[in-house]
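Residues 0 to 205 in numbering that gives the first Met the number 0 are what the sequence shown spells out, letter by letter. Cβ coordinates follow ideal geometry from the N, Cα and C atoms, glycine included. Given the structure is predicted, the values throughout are model-derived calculations rather than measurements. Here is the structure we will look at, set down as structure tokens.
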Amino acid sequence: MSLSIDEVNRLKHAPGVDGVLPLFHSRWSPRSFSDREVSSADIEKVFEAARWAASSFNEQPWRFLAGTRNSPAYKKIFDSLMPFNQLWAVSAPVLILGVAKTTFSHNGNPNRVALYDLGAAASYLTLQAAAIGLATHQMAGFDQDAARKTFGIPDDYLFGAVIALGYQGEPSALANEQFVAQEVAPRQRKPLKEFVFSSWGTPASI
Ligand SMILES: Cc1cc2nc3c(=O)[nH]c(=O)nc-3n(C[C@H](O)[C@H](O)[C@H](O)COP(=O)(O)O)c2cc1C
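Here is the structure:
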């Protein structure tokens, strides 16, 4: 049985909670992308959202390498992906690689929260994408050494994730049964009591 895009989105939608922005519950990470291109204006919008993330000392340590299909940057990012990610990410029209500068510009000291700040910017990016009808899927499964070499990324930059960006595609278009099964599986999360504590391991009484 194959579900339509609308059916899958309904199934992936987490139960809403009053007063929480609906986007947090509707955003999810598909593996199937349609062949519709993303406009330059919309690509700019997702980076504009990332731009306004908070960061330690306002360092803004995030850097993004981005490419649209058939561009040299796209090919470099795609080639660095692990084969199991290449299998589905091949349908994404935009690929983005996030890296973080691990030293502060104002004094050269180590910035131990650089990856934290990159993650915040990436989250803004994914939510802005969802707000304008775009899908994102982040990937840790790529060869960092290959990406560093092919882009000439300096040693003091750490890698975050690759982000596939595009319009969601039909689940049935995926390459194999495992991907289809993941595409139509409901999303799971830990309850708050498992990660909001008042003392270590004790759920906070909030
Ligand atoms: C940093 C990071 C790395 C991830 N790496 C991969 C990956 O290499 N391959 C993949 O298929 N999904 C990857 N994912 C997607 C997660 O599996 C997915 O976000 C998670 O299961 C929650 O699903 P949701 O985003 O649909 O809510 C990654 C997500 C993040 C945030």
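If I measure Cβ to Cβ from Phe63 and keep anything under 6 Å in the same chain, skipping five residues before and after, which residues do I get? The beta carbon of Phe63 lies closer than 6 Å to those of Ile95, Gly97 in the same chain, with the five residues before and after it left out.
Let me check understanding here. Comparing Cα to Cα, which of Ser28, Glu193, Asp34 lies closest to Ala128? If we check each option's Cα against that of Ala128, Ser28 comes out closest.
With distances taken from CA atoms, which of Pro202, Ala184, Ala163 is nearest Glu36? When each option's Cα is compared against that of Glu36, the closest is Ala163.
If you count every other CB in all the chains shown that lies within 10 Å of the CB of His105, and 16 or more means buried, which is it? His105 counts as exposed, since fewer than 16 other beta carbons sit within 10 angstroms of its beta carbon.
Consult DSSP for Arg30 and reduce its assignment to one of helix, strand or coil. The answer is coil: DSSP assigns Arg30 none of H, G, I, E or B.
Shortest alpha-carbon distance to Pro60 belongs to which of Ile131, Gly18, Phe194, Leu117? Ranking Ile131, Gly18, Phe194, Leu117 by Cα distance to Pro60 puts Leu117 first.
Check whether the segment 152-166 touches the segment 82-94, taking contact to mean three or more Cβ pairs, one atom from each stretch, closer than 8 Å. By the Cβ test, the segment 152-166 is in contact with the segment 82-94, since at least three Cβ pairs between them sit closer than 8 Å.
Mind checking Pro170: buried by the 16 CB within 10 Å criterion, or exposed? By the 10 Å Cβ count, Pro170 comes out buried.
Using 8 Å as the threshold, is the C-beta distance between Ala119 and Ala99 below it? If you check the CB distance, Ala119 and Ala99 do not come in under 8 Å.
Could you check where the alpha helix (DSSP H) with Phe23 kicks off and where it finishes? First-last of the alpha helix (DSSP H) with Phe23: 21-25.
For Phe150 and Ala160, I'd like the C-alpha separation in whole angstroms. C-alpha separation (whole angstroms): 15 Å.
Hey, is the segment 9-18 in contact with the segment 79-87, meaning 3+ C-beta pairs nearer than 8 Å? Judged by Cβ distances under 8 Å, the segment 9-18 makes no contact with the segment 79-87, as fewer than three pairs qualify.
Pick helix, strand or coil for Arg35, following the three-state DSSP scheme. Three-state result, Arg35: coil.
Those runs of the beta strand (DSSP E) which lie wholly inside the segment 110-179 and span at least 3 residues: The qualifying runs are 134-138, 156-165.
Runs of alpha helix (DSSP H) lying entirely within the segment 74-103, each at least 4 residues, in chain order: Listed in chain order, they are 82-88.
Quick check: the Cα distance between Ser79 and Phe141, rounded to an integer number of angstroms? Cα-Cα distance, rounded: 5 Å.
Host beta strand (DSSP E) of Arg62 (start-end): In the DSSP annotation of this structure, the continuous segment of the beta strand (DSSP E) that includes Arg62 starts and ends at 61-67.
I'd like to know whether the C-beta atoms of Leu173 and Ser31 end up nearer to each other than 8 Å. Contact flag set, yes.
On the DSSP letters alone, give me the boundaries of the beta strand (DSSP E) that Phe196 sits inside. Element bounds for Phe196: 196-198.
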